[in-house]
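*Asks:*
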Amino acid sequence: MASPSNITRRALLGAAGVATVAGTAAAWPRLTGTDIPGRGEDALTILILGTSQDAAGRQVIADAFMEEHPDIPVLIQSVQATDWGDFFAKILTMVASGTQPDVVYTATEGAQLFAERLALPLDDYIARDASQLYDYFDDVHPSLIEAFMYRGSVFQLPLDFNAANMYLNLDVIDRNGLEMPGEDWTRDDFTELLRGMHGDATPYYWTNRLFGGVVPWLYIHDTSFLVEERAEGGQDFWSTFYPGEERSGGYLWTGSNATDERVHETFEYLRQLVVQDLAVRPEQGGGNTLVGLFASGRIGTTPAGGYWVQGLAEGGMEPDQYDVQFFPKWRTQRHQFGGAGYAVMKTTKKADQAWEWIKFTANKRAMELAFPTPATTPTRRSMATDAFYTDGPEHWRRFYDTLDRFPTSGPIPAPPQQAAVETALIRNVSTALSGDPDQVARSLDTLDRDLRAVFAEEDRS
Amino acid sequence: MTSDRRSVTLRWLFLAPTMLGVGIFVLLPIIGSLVLAFFRWDIITAPQFVGLANFTDIATDPRVGVSFLNTAVFVIFAVTAQLIIAMLLAVLVHGRMPSWLRIFFRSTFFFPLVLSAASVSILMRYLFNESYGVINWALSLVGIPAVPWLTSPQWAMVVVIAVYVWQNFGFSFLLFIGGLGAIPTEIYEAGAIDGATGWKKFQRLTLPLVSPTVLVASVMGIITALQIFDQPYVLTRGGPGDATRTVVMVIYESAFRQLEFGRASAIGLILMILIMLVTALQFRLSRRFVFYQ
Chain A
1 MASPSNITRR ALLGAAGVAT VAGTAAAWPR LTGTDIPGRG EDALTILILG
51 TSQDAAGRQV IADAFMEEHP DIPVLIQSVQ ATDWGDFFAK ILTMVASGTQ
101 PDVVYTATEG AQLFAERLAL PLDDYIARDA SQLYDYFDDV HPSLIEAFMY
151 RGSVFQLPLD FNAANMYLNL DVIDRNGLEM PGEDWTRDDF TELLRGMHGD
201 ATPYYWTNRL FGGVVPWLYI HDTSFLVEER AEGGQDFWST FYPGEERSGG
251 YLWTGSNATD ERVHETFEYL RQLVVQDLAV RPEQGGGNTL VGLFASGRIG
301 TTPAGGYWVQ GLAEGGMEPD QYDVQFFPKW RTQRHQFGGA GYAVMKTTKK
351 ADQAWEWIKF TANKRAMELA FPTPATTPTR RSMATDAFYT DGPEHWRRFY
401 DTLDRFPTSG PIPAPPQQAA VETALIRNVS TALSGDPDQV ARSLDTLDRD
451 LRAVFAEEDR S
Chain B
1 MTSDRRSVTL RWLFLAPTML GVGIFVLLPI IGSLVLAFFR WDIITAPQFV
51 GLANFTDIAT DPRVGVSFLN TAVFVIFAVT AQLIIAMLLA VLVHGRMPSW
101 LRIFFRSTFF FPLVLSAASV SILMRYLFNE SYGVINWALS LVGIPAVPWL
151 TSPQWAMVVV IAVYVWQNFG FSFLLFIGGL GAIPTEIYEA GAIDGATGWK
201 KFQRLTLPLV SPTVLVASVM GIITALQIFD QPYVLTRGGP GDATRTVVMV
251 IYESAFRQLE FGRASAIGLI LMILIMLVTA LQFRLSRRFV FYQ
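Chains as they are written, first to last, in the UniProt record's numbering: chain A, 1 to 461; chain B, 1 to 293.
What follows is the structure, encoded as C-alpha cells:
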C-alpha cells in the first residue's frame with residue numbers, strides 16, 4: 001500500500017508555478033532572440049548562404065579585414081537554404097522583421113531581384129575609388145561585370161563564377177573505345193558520343209535546374225525561353241575600366257519566348273535523348289548525388305561548372321579519370337554562366353563600411369583566402385593557375401577560357417521574378433520531356449502562359 | 001472574496017497562459033491571414049488592398065485547381081489505405097501472440113512516425129531513384145525493367161501516397177489497438193456461443209465496435225492528409241509537371257517563391273474552410289455508421 005505523500009496539492013501547484021516562472025526567465029534570451037550571436041552589436045553584418053561551418057570558414061577573411069579596418073567590426077552570419085530562391089525568401093523575411101543584414105552574398109539568380117528592390121548601386125563608390133579598383137577590373141572578364149549590372153548601374157563585384165561546361169568521364173569513354181571530343185565539336189558529335197556509350201553508365205545526366213538544365217542547350221541554339229534585351233547606360237564605367245569594350249548597361253529579360261521555334265527544337269532534341277535512353281529524365285539526381293555518380297563511373301557526360309573539381313577530388317576521382325570540354329556547338333557555342341558577389345542592402349546604415357568590405361573582398365589576397373580550393377571558379381583570371389588546379393582535369397583552363405573564347409556567353413536568365421520564372425520552367429521542362437512530341441508543344445504553351453502570368457503580375461505591381 | 005469568485009478567478013488564471021498562447025500563435029495569425037487575403041503584398045513594398053482579386057485569380061488559375069484535385073486524390077487513397085492497413089495490423093497484433101512479440105510489433109509500426117518526414121523522404125528518394133535506387137535494383141533481379149517511380153506522372157503520386165502511408169499508419173494503428181482493447185471480451189464470448197468466427201466475427205462484432213475509433217482516425221487522418229507538404233516537396237518538388245503538387249505546396253510557392261502573400265493567404269483560407277466542411281460532413285455522416293456501446 002502506498003504511503004500518503006506529505007506534499008500538499010497547493011505546494012505542488014506553487015512549485016510548478018515557480019518552476020514555470022524560473023524556466024521562462026532562464027529561456028528569456030532565447031524567447032526574445034537576444035542570444036543570437038551579434039544581435040544588438042554594432043557590427044557590419046554579412047549574410048551568406050550556407051551552414052555555420054561556412055560562416056566560420058569566412059571568418060578568416062573577416063579577421064583579415066578587421067586587421068586592416070579595426071574600426072569596422074564584422075559579423076558573418078549564415079542562412080541555410082535549399083537553393084538561392086529559398087535563401088532570398090529568408091532574406092526577405094528578415095527584411096520584413098526588421099533584422100536585415102548590411103551585406104548579402106548573392107548569385108546571378110538573385111542579382112536583379114536585389115538590384116531592383118533591395119540593393120544599393122555601387123557606381124558612386126566605384127567612381128570615387130577607381131584608382132584602387134583597376135587591378136580588380138583588369139583581372140576580371142567584362143562579361144561577369146555586365147551580368148551584375150542592372151539598368152546601367154553596377155550592383156555587385158563578382159568574386160566567383162561557373163560556366164556550364166561539359167564534363168566527360170574518361171573511364172566511360174575509354175571503356176567504350178571512344179575518343180575525347182575536340183573543342184569545336186557539334187551537337188551531332190555529342191549525340192554520336194552518347195550513342196557510343198554502352199553498359200551501365202547513363203550517357204548524359206542532367207539536372208532539372210536553371211543551371212545545367214535546358215538553358216545551356218537553348219543558348220547554343222541561339223535562343224532562350226525569355227526575351228533577352230540589353231539595358232542602356234554604364235558607358236562611363238566601361239570607358240573607365242574596359243576601354244574599347246562595347247558593353248551594355250546589363251541584361252533585361254522582358255517576357256516569354258517559350259513558343260519560339262528554336263525553343264521547341266531544343267526541347268524536342270532533349271526529349272529525343274530521353275526517349276532513346278541516352279539521357280535520364282530531368283528530375284533525376286542533382287547536387288552531391290550527381291558528383292558521387294560521376295565519380296563512381298555511372299555517368300558518361302554532364303554539364304557542370306568549375307565547382308565540380310573539388311567535389312570530384314573529394315569523391316576519390318583522379319584528375320586523369322575525367323576531363324572538361326566546352327559545350328558543343330549548335331547554331332552558336334554561346335555558354336551560360338552564373339556568378340556571385342556581395343550586395344549592399346539599401347536599408348543599411350553602414351553603406352560606407354559595407355563598401356570597404358566589398359572593396360577588400362575583391363582584392364587578390366582576400367579572394368585567395370575566400371577560395372583556397374577549386375570549389376568554384378574565381379573571377380580573377382590570375383587565380384586560375386596550375387597550383388589552384390593541382391587535382392583538376394587536364395584542360396582546367398577551359399573554365400575561364402569559356403569567357404574569352406565565347407565572349408557572347410551570357411548569365412542565367414534571372415529577372416527580378418526569378419523564383420517564379422524558375423518554378424514555371426522546371427515544372428514544364430519535366431512534362432515536355434516525359435511525353436510524346438505533341439506534349440512538347442503543349443508544355444511550351446503552358447510555359448508561355450505561366451511566364452506571361454509572371455510578367456503580367458510584375459506589371460500590375 | 002467569496003470561494004466561488006475565487007474559484008472562477010483561479011480557473012481564468014490557469015487558463016490564461018494557454019489562452020494567451022492560442023491567441024498569439026493561432027488566432028492572431030488566422031485573423032492576419034484572413035485580412036491579408038484581400039491584399040497584394042510582397043513583403044518589401046506596402047500591402048495594397050485588392051478586394052476579391054486574389055480569390056478571382058485563384059478561381060481562374062488552373063494550377064490551383066490541379067493542386068486541389070491532387071490533394072483530393074491523395075487524401076482519398078492515403079487515408080483509406082492508412083485506415084485499412086492500420087486496422088488489419090491492429091487486429092492481427094491484438095490476437096494471440098507472446099507479449100514480447102506484441103510489444104515488438106507495436107514499436108515497429110509506430111517507429112516511422114517519430115522520424116521527420118523530410119529525412120524519411122530523402123531516404124525514399126534514394127530508394128525509388130530510377131537509375132540507381134535499391135527498389136529498381138531488386139526488381140531487376142526478377143527481370144522487371146526500371147520503373148520511373150518519381151519521374152512519371154502516373155507513378156509519382158503512387159510513391160508519395162505509399163511513403164506517407166508507411167510513415168503515418170502507426171498513429172491509426174495505436175488508436176485501433178486502444179479501440180480493440182476497449183471491446184469487452186464477453187461480447188466475443190457471446191458471439192462465439194452464437195457461432196461467430198473469423199471474418200464473421202470481424203464483420204459483425206469488431207467492425208461495429210471499433211467504429212468510433214474509425215471515426216476519430218479518419219477525421220484526424222483527413223485533416224492531416226489535406227495539409228500534406230513534406231513528402232511531395234522533398235520527393236518530387238510537386239512534379240513531374242504538377243502531378244504531385246498539393247494545395248499547401250502551392251501556398252508555400254505563392255508566398256515564399258513568388259512573394260504573393262495575399263494570394264497564399266487566400267488559398268490557405270479556402271483550405272481551412274474546406275477542412276472544416278469535410279470534418280463537419282464526417283461527423284454528420286458518422287451518425288449512420290458509428291455504433292456507440
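Glycine residues also receive a C-beta, built at the ideal position from the N, C-alpha and C atoms.
Can you give the Cα-Cα distance for A:L290 and A:Q310, rounded to whole angstroms?
*Replies:* Here the question's residue 290 of chain A lines up with position 290 in the first sequence. Here the question's residue 310 of chain A lines up with position 310 in the first sequence. Rounded to the nearest angstrom, the two C-alpha atoms are 13 Å apart.
*Asks:* Would you check if there are 3 or more beta carbon pairs closer than 8 Å linking the stretch 145 to 153 of chain A to the stretch 296 to 311 of chain A?
*Replies:* Not touching, per the Cβ criterion.
*Asks:* Could you check what DSSP says for A:N257 in three-state terms: helix, strand or coil?
*Replies:* Locating residue 257 of chain A in the first sequence gives position 257, counting from the first residue. It is coil, neither helix nor strand.
*Asks:* Closer than 8 Å, CB to CB, is B:T9 near chain A or not?
*Replies:* Residue 9 of chain B sits at position 9 when you count from the first residue of the second sequence. No, because no Cβ of chain A sits closer than 8 Å to the Cβ of B:T9.
*Asks:* Give me the Cα-Cα distance between B:S172 and B:I85, rounded to the nearest whole angstrom.
*Replies:* Within the second sequence, residue 172 of chain B is the residue found at index 172, counting from 1. Within the second sequence, residue 85 of chain B is the residue found at index 85, counting from 1. Each residue's Cα considered, the two are about 9 Å apart.
*Asks:* Is it right to say B:W149 is buried, meaning 16 or more other beta carbons lie within 10 angstroms of its own, or is it exposed?
*Replies:* Numbered from its first residue, the second sequence carries residue 149 of chain B at position 149. Buried: at least 16 other Cβ atoms inside 10 Å.
*Asks:* Compare the C-beta of A:V18 against all C-beta atoms of chain B and say whether one is closer than 8 Å.
*Replies:* Reading the first sequence from its first residue, position 18 is the one you call residue 18 of chain A. No - not a single Cβ of chain B is within 8 Å of the one on A:V18.
*Asks:* With DSSP collapsed to three states, give me the class of A:F337.
*Replies:* Position 337 of the first sequence, counting from 1, holds the residue named residue 337 of chain A. Residue state, collapsed to three classes: strand.
*Asks:* For A:M1, is the classification buried or exposed, using 16 other Cβ atoms within 10 angstroms of its Cβ as the cut-off for buried?
*Replies:* Reading the first sequence from its first residue, position 1 is the one you call residue 1 of chain A. Residue placement at A:M1 cannot be trusted, given a pLDDT of 48 that sits under 50; what the coordinates show is reported in the next sentence. By the 10 Å Cβ count, A:M1 comes out exposed.
*Asks:* Taking A:G300 as part of the beta strand (DSSP E), name the residues at either end of that continuous run.
*Replies:* The sequence position of residue 300 of chain A within the first sequence is 300, counting from 1. Start and end: I299 to A304.
*Asks:* What beta strand (DSSP E) runs, 3 residues minimum, are completely inside the stretch 194 to 258 of chain A?
*Replies:* 202 to 204, 226 to 230 and 251 to 256
*Asks:* Would you say A:L49 lies against chain B (beta-carbon separation less than 8 Å)?
*Replies:* Taking the first sequence and counting its residues from 1, one reaches residue 49 of chain A at position 49. Not one chain B Cβ lies under 8 Å of A:L49.
*Asks:* Report the three-state DSSP secondary structure of A:M1 (helix, strand or coil).
*Replies:* Taking the first sequence and counting its residues from 1, one reaches residue 1 of chain A at position 1. Note that A:M1 has pLDDT 48, beneath the 50 cutoff, so the model's placement of it is unreliable and the number below is only indicative. In the three-state reduction of the DSSP assignment, A:M1 falls in the coil class, being assigned neither a helical nor a strand state.
*Asks:* Hey, how far is the Cα of A:A453 from the Cα of B:L20?
*Replies:* Locating residue 453 of chain A in the first sequence gives position 453, where the first residue counts as 1. Locating residue 20 of chain B in the second sequence gives position 20, where the first residue counts as 1. Approximately 42 Å between the Cα atoms of the pair.
*Asks:* By a C-beta neighbour count over all protein chains shown, 10 Å radius and 16 as the cutoff for buried, is B:W137 buried or exposed?
*Replies:* The residue given as residue 137 of chain B occupies position 137 in the second sequence. Exposed is the call here.
*Asks:* Where does A:H198 land, buried or exposed, given buried means 16+ other C-beta within 10 angstroms?
*Replies:* Against the first sequence, residue 198 of chain A aligns to sequence position 198. With fewer than 16 Cβ atoms within 10 Å of its Cβ, A:H198 is classed as exposed.
*Asks:* Thinking C-alpha only, which one of B:F39, B:V79 and B:F25 is nearest B:A264?
*Replies:* As a working note, residue 264 of chain B is residue 264 in the second sequence. If we check each option's Cα against that of B:A264, B:F39 comes out closest.
*Asks:* Counting only C-beta atoms, is A:R381 closer than 8 Å to chain B at any point?
*Replies:* As a working mapping, residue 381 of chain A is identified with position 381 in the first sequence. For A:R381, the answer is no, since every Cβ of chain B falls outside 8 Å of its Cβ.
*Asks:* Spatial neighbours of A:R187 within its chain, please: CB distance less than 6 Å, with the 5 preceding and 5 following residues excluded, ordered by chain position.
*Replies:* As a working mapping, residue 187 of chain A is identified with position 187 in the first sequence. Excluding positions up to five away in sequence, the list reads P328 and W330.
*Asks:* Between A:V172 and A:F190, what straight-line distance do the alpha-carbon atoms span, to the nearest angstrom?
*Replies:* Taking the first residue of the first sequence as position 1, residue 172 of chain A is located at position 172. Taking the first residue of the first sequence as position 1, residue 190 of chain A is located at position 190. Near 14 Å, if we compare the C-alpha coordinates of A:F190 and A:V172.
*Asks:* What are the boundary residues of the beta strand (DSSP E) that includes A:S97?
*Replies:* The residue labelled residue 97 of chain A in the question sits at position 97 within the first sequence. No beta strand (DSSP E) holds A:S97; DSSP gives it neither H nor E.
*Asks:* DSSP three-state label for B:S121, please.
*Replies:* For the purposes of this step, residue 121 of chain B is taken as the residue at position 121 of the second sequence. Looking at B:S121 - three-state DSSP - the assignment turns out to be helix.
*Asks:* Quick one, which residues of the stretch 241 to 256 of chain B are near chain A if we go by CB-CB under 9 Å, in chain order?
*Replies:* Flagged, chain order: G241, D242, A243, R245, E253, A255 and F256.
*Asks:* I need the DSSP call for B:A146, collapsed to helix, strand or coil.
*Replies:* To locate residue 146 of chain B, count along the second sequence from 1; it is residue 146. If DSSP states are grouped into helix, strand and coil, B:A146 belongs with coil.
*Asks:* Output, in sequence order along the chain, the residues in the stretch 175 to 209 of chain A whose CB is closer than 7 Å to any CB in chain B.
*Replies:* T202
*Asks:* Is it buried or exposed for A:G212, if we count other Cβ within 10 angstroms and need 16 for buried?
*Replies:* Taking the first residue of the first sequence as 1, we reach residue 212 of chain A at position 212. By the neighbour-count rule (16 or more Cβ atoms within 10 Å), A:G212 is buried.
*Asks:* Name, going along the chain, the residues of the stretch 146 to 161 of chain B whose beta-carbon falls closer than 8 Å to a beta-carbon of chain A.
*Replies:* Answer set for the stretch 146 to 161 of chain B: P148, L150, T151, S152 and P153.
*Asks:* Taking C-alpha atoms, which residue in A:T34, A:P29, A:F326 and A:T45 lies nearest to A:E356?
*Replies:* As a working note, residue 356 of chain A is residue 356 in the first sequence. Per the Cα distances, A:T45.
*Asks:* Where does B:K201 sit, in a helix, a strand or coil, going by DSSP?
*Replies:* Position 201 of the second sequence, counting from 1, holds the residue named residue 201 of chain B. The answer is helix: DSSP assigns B:K201 an H, G or I state.
*Asks:* Is any beta-carbon of chain A found at less than 8 Å from that of B:I267?
*Replies:* The residue labelled residue 267 of chain B in the question sits at position 267 within the second sequence. Chain A places no beta carbon closer than 8 Å to that of B:I267, leaving this residue out of the contacts.
*Asks:* Give me the residue from A:L433, A:I358 and A:G50 with the minimum Cα distance to A:Q132.
*Replies:* The residue labelled residue 132 of chain A in the question sits at position 132 within the first sequence. The option with the nearest alpha carbon to A:Q132 is A:I358.
*Asks:* Using the Cβ count rule (16 or more neighbours within 10 Å means buried), how would you classify B:Q48?
*Replies:* Counted from its first residue, the second sequence places residue 48 of chain B at position 48. Label assigned to B:Q48: exposed.
*Asks:* How should B:A46 be labelled, buried or exposed, when 16 other C-beta atoms within 10 angstroms of its C-beta is the threshold for buried?
*Replies:* Taking the first residue of the second sequence as 1, we reach residue 46 of chain B at position 46. Under this definition B:A46 is an exposed residue.
*Asks:* Helix, strand or coil for A:S78? Go by DSSP, reduced to three states.
*Replies:* Walking along the first sequence from the start, residue 78 of chain A turns up at place 78. Looking at A:S78 - three-state DSSP - the assignment turns out to be strand.
*Asks:* By alpha-carbon positions, which one of A:R365, A:L369, A:D445 and A:L12 ends up nearest to A:Q59?
*Replies:* Translated into positions along the first sequence, residue 59 of chain A becomes position 59. Measuring from the Cα of A:Q59, the nearest candidate turns out to be A:L369.
*Asks:* Note down, in chain order, each residue of its chain lying with its Cβ closer than 7 Å to the Cβ of A:A456, except the 5 sequence neighbours on either side.
*Replies:* Position 456 of the first sequence, counted from the start, is the residue given in the question as residue 456 of chain A. Within the same chain, A:A456 has no close Cβ partners at all.
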